[in-house]
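Trainee: Its first residue numbered 154, the sequence shown is counted upward by one per residue in the numbering used here. Where a beta carbon is used, it is the ideal one built from N, C-alpha and C, also for glycine.
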Amino acid sequence: MSVSLRTQLFLFLISLSSRKGLSRYVEGNEASDGLYSLLSLEQKRESEDFIFHRPLRCLDMLATDGYFTFMASQPQLACATFIIAEPNEVISLELSDVNIDCSAGDFIKMFDGWVLKGEKFPSKQDHQLPLHQRYTDYCSSPGAPGATSRSSQNVAMIFFRIHSPDSGFTLAVKKLHNPFPCNIMSQSPEGSFTMVMPHQRRNCSFSIIYPVEIRLTELSLGQAKSNELSAQRQVWSVCSGSGDYVELLGGNGVDTSKMFPVADLCFSLRGLAQMKIGCDNSVVRLVSSGNYINRVSFQYRLLEHQELPKNGENSLDNFCAME
154 MSVSLRTQLF
164 LFLISLSSRK
174 GLSRYVEGNE
184 ASDGLYSLLS
194 LEQKRESEDF
204 IFHRPLRCLD
214 MLATDGYFTF
224 MASQPQLACA
234 TFIIAEPNEV
244 ISLELSDVNI
254 DCSAGDFIKM
264 FDGWVLKGEK
274 FPSKQDHQLP
284 LHQRYTDYCS
294 SPGAPGATSR
304 SSQNVAMIFF
314 RIHSPDSGFT
324 LAVKKLHNPF
334 PCNIMSQSPE
344 GSFTMVMPHQ
354 RRNCSFSIIY
364 PVEIRLTELS
374 LGQAKSNELS
384 AQRQVWSVCS
394 GSGDYVELLG
404 GNGVDTSKMF
414 PVADLCFSLR
424 GLAQMKIGCD
434 NSVVRLVSSG
444 NYINRVSFQY
454 RLLEHQELPK
464 NGENSLDNFC
474 AME
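#1: Classify Leu324 as helix, strand or coil using the three-state DSSP reduction.
#2: How big is the Cα-Cα spacing for Pro351 and Leu439?
#3: Look up Tyr291 in the DSSP assignment and say whether it is helix, strand or coil.
#4: Which residue marks the beginning of the beta strand (DSSP E) containing Asn336, and which one marks its end?
#5: His285 to Ser320, Cα distance in whole Å?
#6: Buried or exposed for Ile244, going by 16 or more other Cβ atoms inside 10 Å?
#7: Would DSSP call Gln286 helix, strand or coil?
#8: Excluding the five sequence neighbours on either side, which residues of its own chain have a C-beta within less than 6 Å of the C-beta of Asp213, listed in chain order?
#9: Mapping DSSP to helix, strand and coil, what is Gln459?
#10: By the three-class DSSP mapping on this structure, what secondary structure does Lys378 have?
#11: Let's see if you can read the secondary structure: which residues bound the beta strand (DSSP E) around His206?
#12: Report the three-state DSSP secondary structure of Thr234 (helix, strand or coil).
#13: What do you get for Lys197, buried or exposed, if any count of 16 or more other CB atoms within 10 angstroms of its CB means buried?
#14: Of the residues Gln229, Ile237, Phe322, which one's Cα is nearest the Cα of Phe221?
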């Protein structure tokens with residue numbers, strides 16, 4: 154198998170730690186790079202009474218509530234922090250004790266989602282806000298004591314540049330319950346989930362950065378089209394025009410608009426339908442017209458090495474560059 158997305162992300166983190174880092178990727182409002190990090194359960198704090206404090210690293214991943222303080226010991230020109238919560242949570246970010254010089258080129262920006270090598274999650278097709286409204290720039294409001302941002306999904310990020318030693322800030326991270334989760338990045342290669350879209354014209358993606366087997370256990374759409382399941386058959390001419398459907402996507406990036414459509418379903422289903430997606434990123438995407446209450450339930454598990462698709466399997470022409 155070719156180098157996986159997770160391996161690329163890990164190597165990217167290592168390279169940034171030893172070189173100039175994000176400086177060649179971060180540019181103005183369109184700071185267009187980031188990184189992922191595999192998460193461990195040890196990062197999470199179970200006690201609600203415990204207020205977690207720790208220093209923030211220039212390149213960091215956060216998966217818990219708490220206060221994270223960054224203090225520059227030397228110029229830090231390209232830093233990024235990625236935050237992830239549980240699927241049914243959104244993330245509140247608040248800056249305090251900010252001591253940076255915006256006039257000298259310092260900045261702190263918060264982004265509603267994640268960015269990796271120019272690709273954004275959620276994609277602009279799946280996010281309710283235009284791209285410029287997904288950025289919160291501390292320096293755009295000079296003199297403000299701090300800045301706040303609230304994500305639309307379970308991932309968010311900040312990126313910052315600080316020139317002067319002893320300058321820094323504190324970031325408060327708080328996770329909030331989300332009754333209708335949409336556009337989720339899974340922390341695990343195994344699990345189950347239900348996406349519900351109640352009378353909203355919106356697209357929701359559940360992204361799993363692993364090759365997995367996805368089992369649809371229930372699909373309830375506003376307009377049933379058929380009583381049969383044909384997961385291998387492409388029916389774009391029917392489903393894409395229906396306004397309400399589910400598609401399974403595979404690819405090696407994070408932008409769903411650039412991923413390969415493995416299958417699409419535009420009829421209600423009760424039973425079991427499954428599909429193996431041997432890509433670095435596997436996605437269940439629910440497209441809703443807003444006229445109905447749509448619901449999809451599914452399970453997913455990591456594919457074993459021997460289960461990974463071979464060349465030509467499923468007639469997908471190696472769209473994930475599997476070897």
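Mentor: On the basis of the supplied data:
#1: strand
#2: Take the alpha-carbon of Pro351 and the one of Leu439: they are about 12 Å apart.
#3: helix
#4: Where Asn336 is concerned, there is no enclosing beta strand (DSSP E), given that its DSSP letter is neither H nor E.
#5: 27 Å
#6: buried
#7: Secondary structure at Gln286: helix, using DSSP grouped into helix, strand and coil.
#8: The beta carbon of Asp213 sits closer than 6 Å to those of Thr234, all from its chain and outside the five residues before and after it, given in chain order.
#9: helix
#10: Annotation note: pLDDT 42 at Lys378 (below 50); position unreliable, coordinate value reported separately. Here Lys378 sits in coil by DSSP.
#11: 206 to 208
#12: Note: Thr234 maps to strand in three-state DSSP.
#13: The predicted model places Lys197 with a pLDDT of 47, which falls under 50 and marks its position as unreliable; any figure quoted below should be read in that light. Residue burial annotation: Lys197 is exposed, with fewer than 16 other C-beta atoms found within 10 angstroms of its C-beta.
#14: Phe322
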